[in-house]
Structures are given as C-alpha cells and as structure tokens.
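A.B. asks: Residue numbers (the numbering used here), protein chains in the order written: chain A, 1037 to 1151; chain B, 3 to 113.
Idealized CB from N, CA, C, for every residue including glycine.
Supplied in structure tokens, the structure appears directly below.
Here you go:
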C-alpha cells in the first residue's frame, strides 16, 4: 500500500518555541493531506485539511495561527506548532488520501512533548 | 458532531476467543472504515465497507454494517495476542476525503 512518513517521530521542546512536523507521501502524490491530534487514550480529532497550493481548512476550535499548515508540494505537508505550550503536548498524525482507492493512509505519528 | 461511539471501550479476552466491537454513528455515510492502532503508533487500515454493503470479510475480520441503525460491528475471530491494540471506526459523511473517528475500543488478548 501507499506509504506516508512523518518526521520527527518524537520531539521534546521548551515552552514558547515552535516545532515543525513534516508529513510526506513517499510513493504517491497527495493533493489532500489531513492533520489529526490524539490525546492519550482518546480518539483522533481532525485538526485541518491541507490542500496542495491553497490554504488549509481548519476544523472548528482549531487556531490557525497556532497550528500553521503548509502544503507546498504534492508529497509534503508541514504542521508548525507555534509558541508551543505544555497543553499542546499530544500525538499528531497526518494522513494522505488516494482518491482512486477511497482510502486514507496514515503516517506513524509524531509525539510532541512541551516542557 | 459526527463522531461515532464505540463499545465496549475496553475488551479483554483469552487468546482463541472471538472479539466483537461495535460502532455507532449519527449521520448518513458513504463509507465506514475500521482501523487498528498499536499503543503510541500510527493507524493501520483494516477494512472499508460501503454504505450499500452489509457484510465484508478479510481474513479473520468480519465487518457488518446496518445503515438503518447507523451501526457497524467488527468481529475478530480466533484472536491472537498480537491482536492487542485499539480499534477505531471512521466514517466519511462529507465525502470520502474527510473521515471522523469513533471513540475506539481497546482490545487486550491474553495469551
């Protein structure tokens, strides 16, 4: 199946710093990628839909200035957590869709810990 | 919200037994999918069932869908310790590209 990678897999940062997470589709082009957030022992919550070449669409309650999304190419979307705070600590997962398979392929996730 | 609910929240069974997880959702859907997540890891797609399908099989997995009740079930037969994971259903009411996840069932299979 299609492969989606994320980098880094784990990141620990100090409060107030910004962290960038990359999501790459390795063997296919993805016009649309999705960013999810998962709190411990909870389900995945969609944060935003990332469209190549256009602005991301954010879900209600997600601060677009806090979580900057850039989808500059058909294989790369980035999520930048700006001015991170401990409450931003979470597991962030991206996915990319393959329309012809009617399926999303998920990355392995990035564990963010803000001290 | 569209988010589905799954029950049970947690399930513990002996190896070899069958495990059944249920998912309910709120609005009409195009497709329903089941995913598996090992602790702290990404998601693995298990199976997709379309709204016009009632049952689907894949290996030891059997998925049913009842659109009149807005519910689905995932059956894992002859469970193995390696099946220990969290299982999520996901629906795409707004088109295939945007999915909403259920609350998940944490399955523990005891060797």
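Could you give the first and the last residue of the continuous beta strand (DSSP E) run that contains residue 8 of chain B?
C.D. replies: Here residue 8 of chain B corresponds to residue number 6 of the second chain, with the count starting at 1. Element bounds for residue 8 of chain B: 7 to 9.
A.B. asks: Take every Cβ of the region 69 to 88 of chain B, pair it with every Cβ of the region 10 to 19 of chain B, and state whether three or more of those distances are shorter than 8 Å.
C.D. replies: Touching, per the Cβ criterion.
A.B. asks: Identify the residues that DSSP records as bridge partners of residue 1124 of chain A: which are they?
C.D. replies: What you label residue 1124 of chain A is simply residue 88 of the first chain in a count that begins at 1. Its beta-bridge partners do not exist; DSSP assigns none.
A.B. asks: By Cβ distance, which residues of its chain are closer than 6 Å to residue 1112 of chain A, with the 5 residues on each side in sequence left out?
C.D. replies: Within the first chain, the letter at position 76 stands for residue 1112 of chain A. For residue 1112 of chain A, where only same-chain residues beyond five positions count, the Cβ hits under 6 Å are 1060.
A.B. asks: Are the C-beta of residue 47 of chain B and some C-beta of chain A separated by less than 8 Å?
C.D. replies: Position 45 of the second chain holds residue 47 of chain B. Taking Cβ atoms only, chain A reaches closer than 8 Å to residue 47 of chain B, which makes this a yes.
A.B. asks: Beta carbons nearer than 7 Å to chain A: which residues of the region 61 to 74 of chain B have them?
C.D. replies: none
A.B. asks: Mind checking who residue 64 of chain B pairs with in its DSSP beta bridge?
C.D. replies: The count along the second chain starts at 1 and reaches residue 64 of chain B at position 62. B/59 and B/77.
A.B. asks: Taking residue 37 of chain B as part of the beta strand (DSSP E), name the residues at either end of that continuous run.
C.D. replies: Within the second chain, numbered from 1, the residue matching residue 37 of chain B stands at position 35. Per DSSP, residue 37 of chain B belongs to the beta strand (DSSP E) from 33 to 39.
A.B. asks: For residue 51 of chain B and residue 1050 of chain A, I'd like the C-alpha separation in whole angstroms.
C.D. replies: Position 49 of the second chain, counted from the first residue, corresponds to residue 51 of chain B. Position 14 of the first chain, counted from the first residue, corresponds to residue 1050 of chain A. Cα to Cα, residue 51 of chain B sits roughly 44 Å from residue 1050 of chain A.
A.B. asks: What residue does the beta strand (DSSP E) around residue 93 of chain B start on, and which one ends it?
C.D. replies: Walking along the second chain from the start, residue 93 of chain B turns up at place 91. Note, residue 93 of chain B: beta strand (DSSP E), 87 to 93.
A.B. asks: Leaving aside the five residues before and after residue 1106 of chain A along the sequence, list all residues of the same chain whose C-beta is less than 6 Å from its C-beta, in chain order.
C.D. replies: In the first chain, residue 1106 of chain A corresponds to position 70, counting from 1. 1114, listed in sequence order.
A.B. asks: Where does residue 1108 of chain A fall in DSSP's three states?
C.D. replies: Sequence index remark: in the first chain, residue 1108 of chain A carries index 72 (1-based). Correct three-state label for residue 1108 of chain A: strand.
A.B. asks: Between residue 1042 of chain A and residue 1088 of chain A, what straight-line distance do the alpha-carbon atoms span, to the nearest angstrom?
C.D. replies: The count along the first chain starts at 1 and reaches residue 1042 of chain A at position 6. The count along the first chain starts at 1 and reaches residue 1088 of chain A at position 52. In a straight line, the C-alpha of residue 1042 of chain A is about 17 Å away from that of residue 1088 of chain A.
A.B. asks: According to DSSP, simplified to helix, strand and coil, what is residue 84 of chain B?
C.D. replies: Within the second chain, the letter at position 82 stands for residue 84 of chain B. In the structure shown, residue 84 of chain B sits in a helix (DSSP, three-state: H, G or I).
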